[in-house]
Amino acid sequence: MRYLPLTADDRRAMLARIGAADVDALFRDVPKAALAPLSVFDLTDTKGELEVERILSQLAGKNIAAGAAPFFCGAGAYKHHVPSSVDHLIQRSEFLTSYTPYQPEIAQGTLQYLFEFQSQVALLTGMEVANASLYDGSTATAEAVLMAQRITKRGKAILSGGLHPHYAETVETVAGLFGPMVRSAVQPGKAEDLAALIDAETACVVVQSPDVFGLIRDLNPIAEAAHAKGALLIAVVTEVVSLGLLEPPGAQGADIVAAEGQSIGNGLNFGGPYVGLFAAREKFLRQMPGRLCGETVDAEGRRGYVLTLSTREQHIRREKATSNICTNSGLCTLAFTIHLSLLGEEGLTRLARINHAKASFLADRLAALPGVEIVTPAFFNEFTVKLPKPANAVVDALAAKGIIAGVPASRLMPHDKSVENLLILAATETNTDEDFAALTSALQEIL
Amino acid sequence: MSMNNQGRPTSSGEAGTTGLATISGDRGLDHEEKLIFELGHGAVGVDLPDVKISDRRLGGLRRKGAIGLPGLSEPEVVRHYVRLSRMNYAIDSGLYPLGSCTMKHNPRLNEKMARLPGFGDLHPLAPQSTAQGALELISQLMNWLTTLTGMPAVAMSPKAGAHGELCGLLAIRAAIESRGEKRPRILVPESAHGTNPATAAFAGFTVDEVPAKPNGHVDAEALKAKLGPDVAAIMLTNPNTCGLFEGEVKEIADAVHAAGAYFYCDGANFNAIAGKVRPGDLGVDAMHINLHKTFSTPHGGGGPGAGPVVLSERLASFAPIPLLVADGKGLRLIEDREAAPAGAKPFGRMCAFHGQMGMFVRALTYMLSHGRDGVRQASEDAVLSANYILASLKDVMSAPFGDGPCMHEALFDDSFLEGTGVTTLDFAKAMIDEGYHPMTMYFPLVVHGAMLIEPTESESKASLDRFIHVLHNLATEARAKKTERFAGAPHLAPRRRLDETAAARKPVLRYRPPDSLKAAAE
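So the sequences go chain by chain: A and B.
Every letter in the first sequence is one number past the one before it in the numbering used here, and letter 214, counting from 1, is 265.
Every letter in the second sequence is one number past the one before it in the numbering used here, and letter 294, counting from 1, is 301.
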């Protein structure tokens, strides 16, 4: 087996040093009946690289990659162009094959990029502090609600109807153990009266902007309403490129921001791994979950970085920790931070404007089709249209023609009849005029 | 030297250096590297057109102020991260003996496969008819995981080991509620990983610690005595964090089941027994599998991981959505709890979408490459290598449980350092000067000054011999009270010991431009 360096001679010599007759003597604490012979495992035997590559390539070949078709899916994961240097750099051995930076003297590379990442996330979201990442946007949102419950010592969370339903379910699954989770009604394309739902038991209000239908939400009035009742505003962002063009949540009164960072530096990967961004007001620092990297000096006075405030964390505090999280999303944060460094201020704002221009162009084309109505008056790069027939059938019919037309709202809200005809579409810098023409003409044929 | 308002230098390389002071502050191949924010000068590392847009559809929420991001060209960005990378230790550059962490070789074929466009560029909500190959891959991986563990079901969506623990405990919680019972307590051995008690609290349980016996095994009698109608589950790591197999595991499982509770096994150390022992045969009800340990998806400086959870018959129906089912048209994801097949009662959802697909591709590639025989050989080699280290060092270092064999990691304590003035920390940091990453220190907590060494199956005998030689000599010097190389070690790393107390006392968690710091100070 090509990955195993020990030879039969080595193994014999090592057993002799140990004083064991054979390797099974080392497994002597295992009950005899539990030692399984190889034949118990109905699985294949060792294969060479060529053979494995063939098998995996065949599986991959059965899927339609986003780049292989006119493609318009969003709803929490977005197709963007990632510069070649990003993937090259994250595959450097020193980044790819290192552990969590517990030994800072020989992990300054990881620690410094985490510090830079935290700085970038704080700037993008307009918040005071950010952590070194969580698993993804949905789990970051759940952690934000738990944090709000700890801070306010209240249980209830109000979840906007525009929050991605997968996010809402993730929040309900964990934070629902500690208080009621109240979902506001779904009203595609409209703001909702969340203020009416906030009471003295409310820990937080969770609002996504742009929301799952693509609608840009004004967080200011919600923040005011929440703060008036002693509740926190948690802002959720699933398309982080939007922050290159839109007012950041921090400027709109958000107390905690939970975001999905996949759009910058990371591929679609059928849903993971992604990178959860998590930022907050500084006064809540000690209630934050996850790793934090901080600046310090070494014994010779040189600047350096360490993991810090770890008394919040599970390996020190055990059952009193702020979260059970152990890893962050290290390599995905690296991809994020490298891509954002390449973009810089000007690149990111240009990228955001291009995304909005592409989506606006597509919206205008679709709005001209008979029976098609744009539901979201204000959007970034994603919007919702109402079709004259159920959207899932339309998406399937277009998929058969090689066009991935977007996400039917019914896939995310299967029990809500009112969204049956709604289709959520995203357009990014990767979409061409040919893509738009292909979608428009194919839709026209079907409708 | 300029200082910021925390009294720390505002750039690297300004303060003391050992030996020859250079003009640049760099030393040969060791480059000091500024923060990306200090390097930015308004350049751009991508070429994108400058498109004008109207505010018509922005809801009045167009960004008013600048973001504050630095601007650099591509060559500057590449150089920055290459220089940073060179300050890191990595498994590709040397033996990485972190006990409990399993730093084994990361095959590059796995990386290549994960980047095939059919996987890497596949949208999670693309029509399922266009993602059948991805679903087939998940199905194959599920088969490997259930077959290797001898368990009937597996939940794939948890995103890391701790997330898998949470998934397992939430399934247990749902199972108990479905029986109309309330069981608030979870038993956790004191040798457990910190995530175990943290997860139990996270899932709304209280934690009750079970002591370890002097021989490093969990005290089965104490554990049985704590069982009762209020106990939901035990969380047991096996092989345990002392590197020992819990031989009484079956009796413990039987007692737990007789008390109406569930057996959660922390699968962090599955890499010692994969292909040799099936946890399903030991009475396990739920166990997460760290794909980034046993199946070698890269650790990436702290993630991303993946933590699928295998489930027993008693828990399988409570697995969270999404569920993967086969029907006439092929494979299908069920993403809605109410659409679950008859008998299934999913407790909820762990995360958006379907789990760490990128890690699934890497793990299946690893499994197909190894095969069942290679997986078994890897476990045996990992155990053999750890025992080789134990046998070679136990006379000069002190091994609290060195009388018998260990599993995949060798545990030492600090009694050999007693009276030498050298601490576990000093000893471990001296390894850095010798070109090695230190072992896991001060864990497990049940051993004083613990040093946990996990060599994995990826080291050649020559590499192990060299490592043993170095540690043998270090231990001999320490015992002889030749403490010079230990005091204040490391001496030769990119940084000396860092002031963690100062970092925590006045946290500086982000870059701030010097102007704003000056303004803040005034």
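Every residue gets a Cβ at the ideal spot worked out from N, C-alpha and C, and that includes glycine.
- Pairing Val263 (chain B) with Ile296 (chain B) gives a Cβ-Cβ distance that is not under 8 Å.
- Taken in chain order, the whole alpha helix (DSSP H) runs of length 4 or more contained in the region 243-331 of chain B are 256-265, 320-323.
- Here Pro329 (chain B) is actually not in contact with Leu322 (chain B); their C-beta atoms are around 17 Å apart, not less than 8 Å.
- DSSP places Ala437 (chain B) in no beta strand (DSSP E) but in the uninterrupted alpha helix (DSSP H) bounded by 431-440.
- Here Ser405 (chain B) carries a strand assignment [DSSP, helix/strand/coil].
- Listed as beta-bridge partners of Ile425 (chain A) by DSSP are A:Val436.
- Along the region 258-273 of chain A, going in chain order, the ones with a CB nearer than 7 Å to a CB of chain B are Ile267, Asp269.
- A Cβ of chain B is located within less than 8 Å of the beta carbon of Asn375 (chain A).
- Between Glu252 (chain A) and Lys207 (chain A), the alpha-carbon positions lie close to 6 Å from each other.
- Looking at A:Glu370, A:Val172, A:Ala274, the one whose alpha-carbon comes closest to that of Gly211 (chain B) is A:Glu370.
- A direct Cα-Cα distance of roughly 46 Å separates Pro497 (chain B) from Met158 (chain B).
- Using a CB distance cut-off of 8 Å, Cys358 (chain B) counts as an interface residue toward chain A.
- When only Cα atoms are considered, Arg70 (chain B) and Ala429 (chain A) end up about 14 Å apart.
- Annotated as proximal: Leu176 (chain B) and Tyr271 (chain B), with beta-carbon spacing under 8 Å.
- Any Cβ of chain B closer than 8 Å to the Cβ of Val445 (chain A) would place that residue at the interface, and such an atom is absent.
- According to DSSP, Leu105 (chain B) shares a beta bridge with B:Ile460.
- For Tyr88 (chain B), the C-beta contacts it makes with chain A under 9 Å involve Ser136, Leu140, Ile141, Arg143, Phe146, Gly160, Tyr164, Leu385, Thr388, Ile389, Ser392, in order along the chain.
- One finds His130, Ala133, Pro134, Thr137 in chain B with Cβ atoms closer than 8 Å to the Cβ of Ile455 (chain A), taken in chain order.
- Within the region 70-93 of chain A, those residues whose Cβ lies closer than 8 Å to any Cβ of chain B are, in chain order, Gly70, Ala71, Val74, Ala76, Leu77, Phe78, Arg79, Asp80, Val81, Pro82, Ala84, Ala85, Leu86, Ala87, Leu89, Val91, Phe92, Asp93.
- Arg416 (chain A) sits in a helix when the DSSP states are folded into three classes.
- One alpha carbon belongs to Met163 (chain B), the other to Val403 (chain B), and they sit about 45 Å apart.
- The beta carbon of Ala219 (chain B) does not come within 8 Å of any beta carbon belonging to chain A, so the residue lies off that interface.
- Taking Ser136 (chain B) as the centre and dropping the five residues before and after it, the same chain places no C-beta closer than 7 Å to its C-beta.
- The beta carbon of Lys352 (chain B) lies closer than 8 Å to those of Ala181, Ser185, Ser324, Phe325 in the same chain, with the five residues before and after it left out.
- Taking the beta carbon of Arg68 (chain A) as reference, the chain B residues within 8 Å of it are Tyr395, Ala398, Ser399, listed in sequence order.
- When C-beta atoms of the region 399-408 of chain A are compared with those of the region 221-239 of chain A, fewer than three pairs fall below 8 Å, so the two segments do not count as touching.
- Below 8 Å, enough C-beta pairs join the region 258-276 of chain A and the region 284-301 of chain A to call them touching: three or more.
- Comparing alpha-carbon positions, the option among B:Val85, B:Ser405, B:Thr301, B:Val214 lying closest to Arg368 (chain A) turns out to be B:Val214.
- Legend: CB atoms of the region 466-477 of chain B lying less than 9 Å from CB atoms of chain A belong to residues Glu466, Ser467, Lys468, Ala469, Ser470, Leu471.
- From the beta-carbon of Leu360 (chain A), the residues of chain B found nearer than 9 Å are Ala510, Ala511, Pro514, Leu516.
- DSSP assignment within the region 48-103 of chain B yields the following whole alpha helix (DSSP H) runs of 4 residues or more, N-terminal first: 81-92.
- Under DSSP, the beta-bridge partners assigned to Glu311 (chain A) are A:Gly327.
- When CB distances to chain B are screened at a threshold of 7 Å, the residues of the region 306-328 of chain A falling below it are Gly318, Leu319, Asn320, Phe321, Gly322, Gly323, Pro324, in chain order.
- Looking at the DSSP output, Tyr356 (chain A) bridges to A:Glu346.
- Listed by position along chain B, the residues whose Cβ is nearer than 8 Å to that of Thr253 (chain A) form an empty set, because the closest Cβ is around 20 Å away.
- Between the region 355-367 of chain A and the region 335-346 of chain A there are three or more C-beta pairs closer than 8 Å, enough to call the two in contact.
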